[in-house]
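Peer 1:
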Amino acid sequence: MRVSGRLRPPGDKSITHRLLIFGSLARGRCLLRGALRSRDTQSKIDVLRLLGVRVEDGSGGVLAVEGKGLRGLAQPTKVLDCGNSGTTARFLIGVLAAYPYKSQITGDESLRARPMRRVTDPLTRMGARFEYERGDGLPVVVHGGELVELDYRLPMASAQVKSALLLAGLVSGVRVRIEEPARSRDHTERLLAALGHAVRVEGGVIDFQPSGEIAEFDAQVAGDFSAASFLIGAATLADEGELILENVGANPTRLGLVSVLQRMGSQIEIRNVGTSVGEPVAEILVRPCQLRGVVVSPDEVPSLIDEIPVLAVLAARAQGETVFEGVGELAFKESDRLSLLASNLRSLGVAAESTRDSLVVTGTDKPLKGFVDTGGDHRLAMAFSVLAASHRSEIELSESDSPRVSYPDFFNHLRQIFSGDE
Ligand code: S3P
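One point on numbering: in this note's numbering, the residue at position 221 of the sequence shown is 221, and numbering is uninterrupted.
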């Protein structure tokens, strides 16, 4: 199989989510260029509209958000359904914790199974109150109000939780100090700083002192490295050729996959070409190569948390064993990725074992054949499609609809990079 071409991945999902929220809380009309349009970001837009925010499609794919100011979101008259989007649910819980009214948040079956107390526990310390119907999952009723400042050590590295707390601080105008066990993606800190707020980050501690309203902005969103990672994986498994990915966000807190691939033997090159809203942007060059197994250590995991599915299928084709340590958080994603990665790899004939906190995959060059249960999870569907697109694989997926959550053009792009193949 020959890989070729130049391609732009879709807009960054994490940054689009953040700019939609910041745009809604800004004073004035905010423009988002290159934003991700997908099922997940549509869930965010739908929920923001229920809070009285006008979001419009302008010409040239520009999204216009009419900001309401920090305290201007209307009390919703309906339940806020966040669909499959954990980022939407957790960010909204943070924002609405600071609003002096009652609101209710829910999501689809996958989202209702995901833990929310990791967000609501620290928000309770800040003064908000939450009612759960059961356990730790949505739906949750938020009783928000004036909040007090927070000094908190996060039990897990989670950018969603960290961001929810920073948003609560922003809206209520109180200081928030967060200590992270490991550095998670720092888009919220960078964007707050780019929008004029004081965020100090030192020795794993984020110290945020809000300084009032957000002014209107015009922001360019770079391409999503996590979406690009599936094409990187597909190109790595090809036999010849090369692939260039343009305009890809290259925030160092997201690039763990690059260093792991280099350790595995890849010559992947990443060339910084600019910046956009405080975020580095790069061009990535990937060539096929035979990978060898490595150990991925717990401190690397936050920087490649969304890339573990694609890395696990690459490990299935590497020489020797790849060990992922400290990956327990994978069980709380859009599906239980930890057990589904192991069971699906096994059903294709790859030796793979998971424990509560680790995943071990032994590579093979034998033909792979079988059925994959994606659990309706976009990243599992894309990762196993990458494997299916490589030769000596006959793989049937339980569904191929979920990539619309984060990467609606995924299958077109996958076809495109192999279209020069004879
Ligand atoms: C995200 C953070 C990560 C990641 C998710 C997006 C974000 O989740 O898996 O896809 O935009 O902040 P956690 O913060 O729960 O690890």
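All C-beta atoms in this analysis are idealised placements derived from N, C-alpha and C, irrespective of residue type, glycine included.
Inspect the beta-carbon positions of L166 and L138 and report whether they are closer than 8 Å.
Peer 2: In the sequence shown, counting from the first residue as 1, residue 166 sits at position 166. In the sequence shown, counting from the first residue as 1, residue 138 sits at position 138. No, the pair does not count as a contact, with Cβ atoms beyond the cut-off.
Peer 1: Does the Cβ of A74 have 16 or more other Cβ atoms within 10 Å, making it buried, or fewer, making it exposed?
Peer 2: The residue you call residue 74 lines up with position 74 of the sequence shown. A74 counts as exposed, since fewer than 16 other beta carbons sit within 10 angstroms of its beta carbon.
Peer 1: Helix, strand or coil for R231, going by three-state DSSP, please let me know.
Peer 2: Within the sequence shown, the letter at position 231 stands for residue 231. The sequence given here places Leu at residue 231; Arg does not occur at that position. In this structure, L231 counts as helix in the three-state DSSP scheme.
Peer 1: Run the CB neighbour count on D377, radius 10 Å, all protein chains shown included, and call it buried at 16 or more, exposed below.
Peer 2: Indexing the sequence shown from 1 puts residue 377 at position 377. Sixteen is the threshold: when 16 or more other Cβ atoms of the shown chains lie within 10 Å of the Cβ of D377, as they do, the residue is buried.
Peer 1: Measuring only from the beta carbon, is V161 closer than 7 Å to any heavy atom that is part of the ligand S3P?
Peer 2: Translated into the one-based positions of the sequence shown, residue 161 becomes position 161. Yes, the beta carbon of V161 sits closer than 7 Å to at least one heavy atom of the ligand S3P.
Peer 1: How is I49 classed by DSSP in three states: helix, strand or coil?
Peer 2: For this step, residue 49 is matched to residue 49 along the sequence shown. The residue you asked about is not Ile; residue 49 is Arg in the sequence shown. R49 carries a helical assignment under DSSP once its states are collapsed to helix, strand and coil.
Peer 1: Looking at the structure shown, is K78 part of a helix, part of a strand, or coil, going by DSSP?
Peer 2: Walking along the sequence shown from the start, residue 78 turns up at place 78. Coil.
Peer 1: Could you round the C-beta distance between E189 and R27 to whole angstroms and report it? I think they count as a contact, below 8 Å.
Peer 2: Within the sequence shown, the letter at position 189 stands for residue 189. Within the sequence shown, the letter at position 27 stands for residue 27. The pair is not a contact, with the Cβ atoms about 21 Å apart (cut-off 8 Å).
Peer 1: With DSSP as the reference, please indicate the residues paired to V323 in a beta bridge.
Peer 2: Along the sequence shown, one-based indexing puts residue 323 at 323. Beta-bridge pairing links V323 to V295, V360.
Peer 1: Enumerate in chain order the residues of its own chain whose CB-to-CB distance from V205 is below 6 Å, with the five nearest sequence positions on each side excluded.
Peer 2: Position 205 of the sequence shown, counted from the first residue, corresponds to residue 205. Result list for V205: E179, in chain order.
Peer 1: Helix, strand or coil: which one does DSSP assign to V3?
Peer 2: As a working mapping, residue 3 is identified with position 3 in the sequence shown. Of the three classes helix, strand and coil, the one that applies to V3 here is strand, per DSSP.
Peer 1: Run through the DSSP bridge pairs and tell me what Q104 is partnered with.
Peer 2: Numbered from its first residue, the sequence shown carries residue 104 at position 104. Paired residues: V141.
Peer 1: Would the beta-carbon of I305 be found less than 7 Å away from any heavy atom of the ligand S3P?
Peer 2: Translated into the one-based positions of the sequence shown, residue 305 becomes position 305. Yes - the ligand S3P has a heavy atom lying nearer than 7 Å to the Cβ of I305.
Peer 1: Would you report the Cα separation of L285 and S266, rounded to the nearest angstrom?
Peer 2: In the sequence shown, counting from the first residue as 1, residue 285 sits at position 285. In the sequence shown, counting from the first residue as 1, residue 266 sits at position 266. One Cα belongs to L285, the other to S266, and the distance between them is close to 11 Å.
Peer 1: For the alpha helix (DSSP H) containing V161, list its first residue and its last residue.
Peer 2: Counted from its first residue, the sequence shown places residue 161 at position 161. First-last of the alpha helix (DSSP H) with V161: 159-172.
Peer 1: Can you tell which of R118, D151, A98 has its C-alpha closest to the C-alpha of G127?
Peer 2: Within the sequence shown, numbered from 1, the residue matching residue 127 stands at position 127. Comparing Cα-Cα distances from G127 to each of R118, D151, A98, the minimum goes to A98.
Peer 1: Taking DSSP as the reference, what is the three-state secondary structure of S266?
Peer 2: Residue 266 sits at position 266 when you count from the first residue of the sequence shown. Coil at S266, not helix or strand.
Peer 1: Would you give the residue range spanned by the beta strand (DSSP E) that A219 belongs to?
Peer 2: Reading the sequence shown from its first residue, position 219 is the one you call residue 219. A219 -> beta strand (DSSP E) spans 218-220.
Peer 1: Nearest by alpha-carbon distance to T236: which of E216, A315, G278 is it?
Peer 2: To locate residue 236, count along the sequence shown from 1; it is residue 236. Comparing Cα-Cα distances from T236 to each of E216, A315, G278, the minimum goes to A315.
Peer 1: If you reduce the DSSP assignment to three classes, tell me which class N272 lands in.
Peer 2: The residue you call residue 272 lines up with position 272 of the sequence shown. In the structure shown, the three-state DSSP call for N272 is strand.
Peer 1: Rounded to whole angstroms, how far is the Cβ of F91 from the Cβ of H197, which I believe are closer than 8 Å?
Peer 2: As a working mapping, residue 91 is identified with position 91 in the sequence shown. As a working mapping, residue 197 is identified with position 197 in the sequence shown. About 16 Å separates the two Cβ atoms, so there is no contact after all.
Peer 1: Is the separation between the beta-carbon of T364 and that of E399 shorter than 8 Å?
Peer 2: Against the sequence shown, residue 364 aligns to sequence position 364. Against the sequence shown, residue 399 aligns to sequence position 399. Contact flag unset, no.
Peer 1: Rounding to the nearest angstrom, what Cα-Cα distance links K162 and H187 in this structure?
Peer 2: Here residue 162 refers to the residue found at position 162 of the sequence shown. Here residue 187 refers to the residue found at position 187 of the sequence shown. Spanning the two alpha carbons is a distance of roughly 11 Å.
Peer 1: Counting beta carbon pairs with one atom in the region 209-228 and one in the region 7-16, are three or more of them shorter than 8 Å?
Peer 2: yes
Peer 1: Run the proximity test for K333: is its beta-carbon closer than 7 Å to any non-hydrogen atom belonging to the ligand S3P?
Peer 2: The residue labelled residue 333 in the question sits at position 333 within the sequence shown. The beta carbon of K333 sits closer than 7 Å to at least one heavy atom of the ligand S3P.
Peer 1: Could you check what DSSP says for K333 in three-state terms: helix, strand or coil?
Peer 2: Here residue 333 is taken as the residue at index 333 of the sequence shown, counted from 1. Here K333 sits in coil by DSSP.
Peer 1: Could you tell me the alpha carbon to alpha carbon distance between L430 and A238, rounded to whole angstroms?
Peer 2: Outside the displayed range of the chain (1 to 422) lies residue 430, so it cannot be described from this structure.
Peer 1: Under three-state DSSP, which class holds N247?
Peer 2: Here residue 247 refers to the residue found at position 247 of the sequence shown. N247: strand per DSSP, three-state reduction.
Peer 1: Check each candidate in G86, F324, S358 and name the one with the smallest Cα separation from D435.
Peer 2: Residue 435 is absent from the structure shown; the chain starts at 1 and stops at 422.
Peer 1: For A342, count neighbouring C-beta atoms within 10 Å of its own C-beta (all shown protein chains included) and say buried if the count is 16 or more, exposed if not.
Peer 2: Locating residue 342 in the sequence shown gives position 342, counting from the first residue. Burial call: buried.
Peer 1: Please find out if some non-hydrogen atom of the ligand S3P comes closer than 7 Å to the beta-carbon of T87.
Peer 2: Position 87 of the sequence shown, counted from the start, is the residue given in the question as residue 87. For the ligand S3P, at least one heavy atom lies less than 7 Å from the Cβ of T87.
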